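A short worksheet on the structure shown next.
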């Protein structure tokens, strides 16, 4: 914490701030400048609440310096984490590809897509059984029935299943049928849910919230890890901005930003990140080129008839093309992106 | 839904779109223009999914026209709703004031603030027992112990209690002790929670999410009402923007925007909406002047020692001053704001 | 400037940073903490460029502490500035009202609106002769012909004329015919233009840019003042956010934020700030209630036939009603807003 | 234009809207629906102003359908434009690389960087002589002296010179010394300047404004082309969002979005787009992978001593590495990105 005093702060006011810092058990470091005095604070464990200072007379600003996360940091664990799921992995040398429909709609649809996903060499299958929908009148997913289809797909194709849980009861079910629990963007700060999956034996795919800062996203991961579950995969899926040519603005700079601070693997969702079919492949290429550990992509055997998010789903052919393009890029940049 | 064809769309492509519309059971209305053709769709119940059309050959854009909400609209109920809580009300002629600390920290603190809230003539007391905190290491509230203190305050001062629930177990507890269940900004799209409070006998105070559009916010209210609970109060509490001089950007235009569409009462939170002590009173005045049905304000007997959000809490004296200022404005504008 | 070292920074790296600070002629203040060291910098005139430090080994972050503006600050001039224009003023006790059409379209239109503006007791008339239009094919204003009509209106009604200049040639013309030069939102960082009006004898109305931070806006005013023109009026007119229910999001918290730092008067534009006729009056009330020194409002005698921005222009009757409502609020809050 | 009537609009109100449409010389297409009527408008040349309708009784919304640009569209010119500059080009098969320092600071600095740029095989050199700086007290560039150094660099290394003009006088100078005129983000809606460069014999590099929508950006290009200069290169350089881990949020989805509508070439600026040295290379890779026609990158021989934007400039070694990485990606994706 750094306390910046106003230009006209009196010596008396500066001393008062110093005294408050000492009373809180910290060490003050006054630095008189040409026009104003700043006072550094050290000796704190964890972060200091700026509100102790902001309203004291003569104080212009209280600037937070240290970051409130620990477990997610490279300070704690310098080498990158690889999240292993059976014989598959996210965060290792291989590019992780998670593909499948937005929502599981039927056994036929699930198997048709899974067939293509398996053929592409991807190791992970996605499909929603519980769908968070903006409108209460929209299709909300097949529920446990959808999970059962997913489990069959795992059986049939050896794909690892990634699926979303919306609440604690949903986590119980997902744990029974799937391999990775997805926490969606709208749930990124559902702290009860984060704590629950923090006690799960399954890895967690944590999507960034629509308006989450980097710190908020990393702290959501910290919630999960603080409960003991260290197998967290971050997923950039676009943020909300003024731009209207996409559903969200895919913030690919988040990938190197996460890398610099955290040892956790991070992947990109070009489907929700754009919301437009024709943008998915170019942004998937960009996501791999920027250094992501993987992709999560929506694929549908009949996008025009999809019950949710059809506009962004790739056809099976488009998906196949995407995989071949991103693999080519991954080969070329692999050594560069490691850092 | 309006389908806009590309300038170079062929007659054949236009006919194909018309056919798809008919197959879906709707009525197409082709409108040939100078440079391009548009095709209107009517005959639909509920909204049409644009994804049925966006990928068809020759289609430039599919524009959604009808809105997906019903129960919240003035189309359904032209007169404004007043949410009654015993002998108090939100949405009536009187300005509703909800005041209290961010978090209940102790019996002493709660009573000291409640005393001042009661004296000001406000009818509602707010205080958090379960706090959604960005960091897992921050103070998370007193839990049921906090709720018990709130119930004592209700007993002692006759104030109606407003407090947040973070999950379904929390709703069970809040129903036992409080008068209004608050759904916080981070939970605005926690659809399981919305459905749960939709089945509660208590009214719900629904805060707008940090990045919620007007439609998403109104649809969150629709989720609650679709379960049968019609006593919903909306609360504008600031949105996330690039601006850094406040914690959030208070979007006061949301008040007339809600009014035009919905019969539900809407209040303003100038405390979270700014995050700065010195801005709370000016923005509270603005909130009343713009026509809000009430305010929710953070007050603390010792803001410098608050365990959460101290920087924005008013002192008891500042709060008293705020109440007198906003009452004066409410008297002056009351007839104007009714519309 | 505060340099925050990484947790694993070596003593050697810390010394290297200290040495760079000394070489630049500043004074370093190392503060060893429990987990990491921070180094304060004093002795600088003006702000220090963080890029001197951000790429040095062991540095985690360089945090800017002092602000780069001087002339606009209350540090320099504690009392509020009143910008006088003949016998009228902005920033004094009286609420300043600037009203008129978006664009001057004809002598008849100008006079019809001016008549009503005069009758309302407002002292300032606005009307665009040069219109910055997003499309090259949209009506761009009457140019000098429009300025001549404005000058006639000044003659006929004794109103002070506020009109926009888009470039240096335009400033020459506006200086000949008008009383206040408006710098529009899109020109807020047109630095050549700012310097030009900084050398003008006329006061300047400086609108906030669509995506301007508080600091950028204040620095734009600093550009004007640095050239010698101290008569600057700031104008909040809405910022660009994700919200779609308004054309812009009116950021009323900017008013107290400006007040706290600057002695310059600040007004609100509820017309561009919302873009919707039915929101103008509520937001005008809010602008006055928050403590603005005045309003700038679009009025048209026939909004349905306006050549630009008709959707947000008030009719003459609506304008009259607005004036009476905001006057009532101004009377009530005047003493409160002074601070 | 599509007019959506309110659910309770009367037949009389619908007829009134139809009449207004006819009076304006357009053709109305009423479409009665289950709950409300919509009225399509055709027969217009150019776009219809929604304000003619928004305030009519019974109207809920007026939705703009057709886009206001022409010259930039693929409707007009289906094949991609290649902007040729002597023997170099942007928009052709080869990846265009524009590199150099943010500002020309001295002859030595310019030549040191140009040497490396030439060695890398890039064909374009960038360097600012006129710098738009947020603060009036920051380094504003060497002016004509800087342009002279740039002209010497052209002579010595055969590089094409790209440099920014801030105003019309600046364009006169830049035309004398350089090969491409850059219009910076802050000038994207400086319409006088756009018209001036629209009459220039030099090609224009048009950066996207910090808060520009896709349409606003394309209309800025339309301003230039409407004056007769068809050699426009678009440049995505990041937009302003809430995210704080970068200086701007690089919106790479803008590349496929532009491609779909316009024939103009589009490049990416990963330096301003991130503002952080360590992110430039990953985002440059992503920009090429997404399908951009080129990159503009800041390089400095001594970034720690740069007079502006040092934090984001690459060292000569980092730049060399970047070029080899993006070339590898360009080779791999070239056929894919063509579409």
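Chains as they are written, first to last, in this note's numbering: chain A, 460 to 798; chain B, 460 to 798; chain C, 460 to 798; chain D, 460 to 798. Think of the CB as a built atom: it goes at the ideal place given N, C-alpha and C, for glycine as much as any other residue. The model shown is predicted, which means the values in this text are computed figures rather than measured ones.
Residue i, buried or exposed, once every other Cβ within 10 Å from all chains shown has been counted against 16
| i | result |
| --- | --- |
| residue 703 of chain B | exposed |
| residue 784 of chain C | buried |
| residue 797 of chain C | Because the pLDDT at residue 797 of chain C is just 49, under 50, the model does not fix this residue reliably, and the value given afterwards should be weighed accordingly. Classification for residue 797 of chain C: exposed. |
| residue 707 of chain A | buried |
| residue 700 of chain D | buried |
| residue 478 of chain B | exposed |
| residue 594 of chain B | buried |
| residue 535 of chain C | exposed |
| residue 687 of chain D | exposed |
| residue 470 of chain A | exposed |
| residue 732 of chain A | buried |
| residue 750 of chain D | buried |
| residue 769 of chain D | buried |
Endpoints, the beta strand (DSSP E) within which residue i is located
| i | result |
| --- | --- |
| residue 488 of chain B | 486-491 |
| residue 655 of chain B | No beta strand (DSSP E) contains residue 655 of chain B, which is instead part of the alpha helix (DSSP H) from 650-657. |
| residue 684 of chain B | Note, residue 684 of chain B: premise wrong, no beta strand (DSSP E); alpha helix (DSSP H) at 673-685. |
| residue 757 of chain A | 753-757 |
| residue 601 of chain A | Looking at the DSSP string, residue 601 of chain A is not in any beta strand (DSSP E), and its letter there is neither H nor E. |
| residue 461 of chain B | 461-464 |
| residue 800 of chain C | Only positions 460 to 798 of chain C appear in this structure, which leaves residue 800 of chain C out of reach. |
| residue 844 of chain C | Because chain C in this structure spans residues 460 to 798, residue 844 of chain C falls outside the shown range and cannot be described. |
| residue 542 of chain B | 542-544 |
| residue 507 of chain B | Element bounds for residue 507 of chain B: n/a, residue is neither H nor E. |
| residue 563 of chain B | Unbroken run through residue 563 of chain B: none, as it is neither H nor E. |
Bridge partners - residue i, DSSP secondary structure assignment
| i | result |
| --- | --- |
| residue 666 of chain D | D:694 |
| residue 584 of chain C | C:558, C:620 |
| residue 499 of chain B | B:461, B:488 |
| residue 773 of chain C | C:758 |
| residue 720 of chain C | Answer is none; residue 720 of chain C lacks a bridge partner. |
| residue 641 of chain B | B:623, B:664 |
Cβ-Cβ distance between residue i and residue j below 8 Å
| i | j | result |
| --- | --- | --- |
| residue 726 of chain D | residue 698 of chain D | no |
| residue 722 of chain A | residue 538 of chain A | yes |
| residue 586 of chain D | residue 569 of chain D | yes |
| residue 730 of chain A | residue 562 of chain A | no |
| residue 609 of chain C | residue 637 of chain C | yes |
| residue 549 of chain B | residue 584 of chain B | no |
| residue 642 of chain B | residue 656 of chain B | yes |
| residue 588 of chain A | residue 602 of chain A | yes |
| residue 753 of chain C | residue 522 of chain C | no |
CB contact below 8 Å: residue i versus chain F
| i | result |
| --- | --- |
| residue 492 of chain A | Here chain F cannot be found, since the structure's protein chains are A, B, C and D. |
Residue i - containing alpha helix (DSSP H), residue span
| i | result |
| --- | --- |
| residue 744 of chain D | 736-749 |
| residue 481 of chain D | 470-482 |
| residue 706 of chain C | Note, residue 706 of chain C: premise wrong, no alpha helix (DSSP H); not H, not E. |
| residue 572 of chain A | 566-578 |
| residue 512 of chain B | 510-513 |
Just checking, does the region 644-656 of chain C make contact with the region 626-636 of chain C on the three C-beta pairs under 8 Å criterion?
yes
*Examine the Cβ distances between the region 491-504 of chain C and the region 490-499 of chain A and report whether three or more of them are shorter than 8 Å.*
yes
Would you check if there are 3 or more beta carbon pairs closer than 8 Å linking the region 510-517 of chain C to the region 763-775 of chain D? yes
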